[in-house]
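Undergrad: To start, I am sharing the structure in question, which I have written as structure tokens.
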Amino acid sequence: MANTNEVKGSGEKLTLILQDNYSGSEIEESMIIKDAKALKSFYSKINRTRKPGLPVPEIDFTKEMILIHCIGEQTSGKTAELTFVDENEDEVVVKSSAKMPEKGKTSSSITSPFSVYKMPFTQKRVTFKKDQ
Numbered sequence: 802m803a804n805t806n807e808v809k810g811s812g813e814k815l816t817l818i819l820q821d822n823y824s825g826s827e828i829e830e831s832m833i834i835k836d837a838k839a840l841k842s843f844y845s846k847i848n849r850t851r852k853p854g855l856p857v858p859e860i861d862f863t864k865e866m867i868l869i870h871c872i873g874e875q876t877s878g879k880t881a882e883l884t885f886v887d888e889n890e891d892e893v894v895v896k897s898s899a900k901m902p903e904k905g906k907t908s909s910s911i912t913s914p915f916s917v918y919k920m921p922f923t924q925k926r927v928t929f930k931k932d933q
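Number 933 marks the last residue of the sequence shown (our numbering); no jumps.
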């Protein structure tokens with residue numbers, strides 16, 4: 802389920818590495834992870850109710866960083882998505898959204914969808930803009 806979105810004018814990529822329905826997060830939140838300890842902590846949270854748990858991806862944090870988007874508890878079957886909007890000298894802007902499911906694929910069960918993306922490491926500020 803890989804998804805690659807290019808930053809306008811830069812050639813850098815945002816790559817989807819995991820999309821699932823159970824983050825354990827009740828509220829919408831977006832995270833930037835720049836070290837293995839924080840990534841392990843997130844996976845510990847999402848694996849609390851999974852046996853076996855989802856494997857923690859191997860990331861070289863000197864070259865890449867992780868962006869995570871959780872959309873909180875849902876009953877509609879939505880999925881969490883991130884896409885690049887823009888980049889300048891100081892910041893990378895990413896749009897966070899909750900994508901509606903295809904017609905006939907809604908769910909009445911309570912889920913807490915999330916997506917995990919990797920992108921090239923940057924010292925720039927990463928700003929999440931909520932899709933309206």
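Virtual Cβ for every residue (Gly too), placed ideally from N, Cα, C.
#1: Label Ile911 either buried or exposed according to how many other C-beta atoms from any shown protein chain fall within 10 Å of its C-beta, with 16 as the threshold for buried.
#2: Please name the residue, chosen from Lys852, Glu829, Thr880, Glu827, that lies closest to Lys819 on a Cα-to-Cα basis.
#3: Is the Cβ-Cβ distance between Asn848 and Leu855 less than 7 Å?
#4: Note down, in chain order, each residue of its chain lying with its Cβ closer than 8 Å to the Cβ of Thr876, except the 5 sequence neighbours on either side.
#5: Out of Thr928, Phe929, Ser824, which has the shortest C-alpha to C-alpha gap to Glu874?
#6: Which one or two residues does DSSP pair with Leu819 in a beta bridge?
#7: Look at the Cβ atom of Met832, then the Cβ atom of Ile869, and state whether they are nearer than 7 Å.
#8: Is it true that the CB of Ile867 sits closer than 7 Å to the CB of Lys919?
TA: Judging by the given coordinates:
#1: If you number the sequence shown from 1, residue 911 lands on position 110. Classification for Ile911: exposed.
#2: Taking the first residue of the sequence shown as 1, we reach residue 819 at position 18. Note that residue 819 is Leu in the sequence shown, not Lys. Taking only the C-alpha atoms, the option nearest Leu819 is Thr880.
#3: Counted from its first residue, the sequence shown places residue 848 at position 47. Counted from its first residue, the sequence shown places residue 855 at position 54. Yes.
#4: By 1-based counting over the sequence shown, the position of residue 876 is 75. Closer than 8 Å at Cβ, skipping near neighbours: Ser908, Ser909, Ser910, Ile911, Thr912.
#5: Stepping through the sequence shown from its first residue, residue 874 is reached at position 73. Residue Ser824 is the option with its Cα nearest to Glu874.
#6: Translated into the one-based positions of the sequence shown, residue 819 becomes position 18. Leu819 pairs with Val917.
#7: Along the sequence shown, one-based indexing puts residue 832 at 31. Along the sequence shown, one-based indexing puts residue 869 at 68. Their beta carbons are under 7 Å apart, which means Met832 touches Ile869 by this criterion.
#8: As a working mapping, residue 919 is identified with position 118 in the sequence shown. As a working mapping, residue 867 is identified with position 66 in the sequence shown. Cβ distance < 7 Å, so Lys919 and Ile867 count as in contact.
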